[in-house]
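Using the working numbering, the letters of the sequence shown correspond one by one to residues 64 to 127.
Even for Gly, the Cβ is constructed at its ideal location relative to N, Cα and C.
Heads up, the thing below is written out as structure tokens.
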Amino acid sequence: MQSVRGQIIFNLLFGVIFTYLAIRPVSENGWTIYPILLISFAAIDFIRVVNLVMLTRKNKDDQK
């Protein structure tokens, strides 16, 4: 359980960092390949967070 919580925090943190790093160049130069890649990585991280949260909730319900 503790490692899953750590994975959730790690992926959430990197999703926020990738989003922040993508916003800065877009406001200066517009959409290039660099921000698109960063937003893609952030989306993958956020999807992993949602999946991990749903998995832990399902495991809690199964234990009851």
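Query: Are there three or more Cβ pairs, one per stretch, closer than 8 Å when the stretch 83-99 is compared with the stretch 109-124?; Result: no
Query: Which whole-angstrom value describes the C-beta separation of residue 108 and residue 77, a residue pair presumed to lie in contact below a C-beta threshold of 8 Å?; Result: 5 Å
Query: Could you tell me the boundaries of the alpha helix (DSSP H) in which residue 119 lies?; Result: 96-126
Query: Measure the alpha-carbon distance for residue 83 versus residue 103 and round it to whole angstroms.; Result: 13 Å
Query: Would residue 105 and residue 81 be called neighbours here (beta carbons separated by less than 8 Å)?; Result: yes
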